[in-house]
Amino acid sequence: MTAKAAAVRFEDAAVRLGGRTIWSDVSLTVAKGEFVAVLGPNGAGKSTLIKAVLGLLPLAAGSVSVLGRPAGQASGAIGYLPQRRNFDAGTRIRGLDIVHLGLDGARWGVPIPGLPSRARETERVREVIELVGAAGYAEEPIGQLSGGEQQRLLIAQALVRRPQLLLLDEPLDSLDLPNQAAVAALVRRICRQEQVAVMLVAHDINPILGYLDRVVYLAGGKAVEGRPEEVISSGTLSRLYGAPIEVLRASDGRLVVVGQPEAPFVHGDRHAHG
Numbered sequence: 263m264t265a266k267a268a269a270v271r272f273e274d275a276a277v278r279l280g281g282r283t284i285w286s287d288v289s290l291t292v293a294k295g296e297f298v299a300v301l302g303p304n305g306a307g308k309s310t311l312i313k314a315v316l317g318l319l320p321l322a323a324g325s326v327s328v329l330g331r332p333a334g335q336a337s338g339a340i341g342y343l344p345q346r347r348n349f350d351a352g353t354r355i356r357g358l359d360i361v362h363l364g365l366d367g368a369r370w371g372v373p374i375p376g377l378p379s380r381a382r383e384t385e386r387v388r389e390v391i392e393l394v395g396a397a398g399y400a401e402e403p404i405g406q407l408s409g410g411e412q413q414r415l416l417i418a419q420a421l422v423r424r425p426q427l428l429l430l431d432e433p434l435d436s437l438d439l440p441n442q443a444a445v446a447a448l449v450r451r452i453c454r455q456e457q458v459a460v461m462l463v464a465h466d467i468n469p470i471l472g473y474l475d476r477v478v479y480l481a482g483g484k485a486v487e488g489r490p491e492e493v494i495s496s497g498t499l500s501r502l503y504g505a506p507i508e509v510l511r512a513s514d515g516r517l518v519v520v521g522q523p524e525a526p527f528v529h530g531d532r533h534a535h536g
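So the sequence shown is numbered by our numbering: it starts at 263 and just counts up by one.
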């Protein structure tokens, strides 16, 4: 795949923070229209990878291109959902208005092209709310909605400017298992229907395993990428961690990782993000 055909391409990349190398020699590619999960234990640098894609962190070595341009130069074509926000139950702003906030371009400083009128803006907001299946509650106060409903509306906000790349940082955090699977199914549908490349940072692969095209796994300052069955395997994870790791499949189909260091899918506090 050429760099121009890729949504994201890292080549021999490294990031250092506070004098410490977070990861190095990272080479990976995310194709356009592909659904990729970014996995790994706390502190492995998953969110750091997303920030490098956004151009918010400079690389210490190597290169990263985003939609054929250097990171930071494709902001208008990226939809970004940061780590989970919590809306107070008393928040009265409607879900519809939350989505509309994504149109003003304030996050990236670039106004949305092709929407010259308020009517066109309203049409696009309604369209994307329908896309994520939130029409039934978009008029309700965001603080009164469930976590899964809020997350659908936040994904709609990230999609409203018709991005070519969608970056989702722990969008499943704090959701119950049915909602995690529902959001993963929604993201998969968006990939196919809108031809948007998606990088989704996840804590646990199990709720989303059946929806992914590929995974990127960060651990020990390195990264591996490939199809889920290639990466989430005893041999690959043992090499990545430099320690014996065994991957088992439970009777219900869930993957269970056994070994030292700490099992990659049980990273302690779910809110202590990497």
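Don't be surprised by glycine CBs; every beta carbon is placed ideally from N, CA and C.
Query raised in the report: Does the beta-carbon distance from I494 to V518 come in below 8 Å?
Result: The beta carbons of I494 and V518 sit no closer together than 8 Å.
Query raised in the report: Rounded to a whole number of angstroms, what is the C-alpha to C-alpha distance between A512 and N468?
Result: Cα-Cα distance, rounded: 11 Å.
Query raised in the report: How big is the Cα-Cα spacing for Y399 and Q419?
Result: 15 Å
Query - Per-residue burial, K266 [other beta carbons within 10 Å of its own, 16 or more giving buried] - result: Per-residue confidence for K266 stands at a pLDDT of 49, beneath the threshold of 50, marking its modelled position as unreliable; the derived number appears in the next sentence. With fewer than 16 Cβ atoms within 10 Å of its Cβ, K266 is classed as exposed.
Requested in this report: For H362, I'd like the list of residues in its chain whose CB is within less than 6 Å of its CB, leaving aside the five on either flank, ordered along the chain.
Outcome: V387
Requested in this report: Report buried or exposed for L279, applying the criterion of at least 16 other Cβ atoms within 10 angstroms of its Cβ.
Outcome: exposed
**Report entry** Exposed unless 16 or more other CB atoms sit within 10 angstroms - verdict on D438
**Finding:** exposed
Query - Burial state of L416, where buried means 16 or more other Cβ atoms lie within 10 Å - result: buried
Requested in this report: For the stretch 413-449, list the beta strand (DSSP E) runs that are entirely contained and at least 3 residues long, ordered along the chain.
Outcome: 427-431
Query raised in the report: Helix, strand or coil for D475 per DSSP?
Result: coil
**Report entry** beta strand (DSSP E) segment containing T291, residue limits
**Finding:** Where T291 is concerned, the enclosing beta strand (DSSP E) starts and stops at 282-293.
Report task. Select from G357, I312, G410 the residue whose C-alpha is nearest the C-alpha of V390. Result -> G357
**Report entry** Where P506 sits in the DSSP three-state scheme
**Finding:** coil
Report task. Please name the residue, chosen from F349, L427, P320, L407, that lies closest to G338 on a Cα-to-Cα basis. Result -> L427
**Report entry** Exposed unless 16 or more other CB atoms sit within 10 angstroms - verdict on D350
**Finding:** The residue is exposed, with fewer than 16 neighbouring Cβ atoms inside 10 Å.
Requested in this report: Helix, strand or coil for A464, going by three-state DSSP, please let me know.
Outcome: Residue state, collapsed to three classes: coil.
Query raised in the report: Tell me, which residues are paired with P403 by DSSP?
Result: R356
Query - Own chain, CB closer than 8 Å to D274, minus 5 neighbours either side, in chain order - result: D287, V288, S289, A323, G324, S325
Query raised in the report: Around the C-beta of G341, are 16 or more other C-beta atoms found within 10 angstroms, so that it is buried, or is it exposed?
Result: buried
Query raised in the report: Looking only at its own chain, which residues have a Cβ that is under 7 Å from the Cβ of G410, when we skip the five neighbours before and after it?
Result: L437, N441, A444, V445
**Report entry** Whole-number beta carbon distance between G305 and Y479, since they are thought to touch under 8 Å
**Finding:** 14 Å between Cβ atoms; not a contact.
Query raised in the report: What does a CB cutoff of less than 7 Å around L321 pick up in its chain, not counting 5 residues either side in sequence?
Result: A275, A276, V277, A314
**Report entry** Boundaries (first-last residue) of the beta strand (DSSP E) holding A299
**Finding:** Its beta strand (DSSP E) spans residues 297-301.
Query raised in the report: Helix, strand or coil: how does DSSP classify L517 here?
Result: strand
Query raised in the report: With DSSP run on the structure shown, which of helix, strand or coil describes L279?
Result: strand
Query raised in the report: If you follow the beta strand (DSSP E) that A381 is part of, which residue opens it and which one closes it?
Result: Premise fails: A381 lies in the alpha helix (DSSP H), 380-393, not in any beta strand (DSSP E).
Query raised in the report: Alpha carbon to alpha carbon, what distance is there between G330 and G371?
Result: Because the pLDDT at G371 is just 39, under 50, the model does not fix this residue reliably, and the value given afterwards should be weighed accordingly. Answer to the nearest angstrom: the Cα atoms are 20 Å apart.
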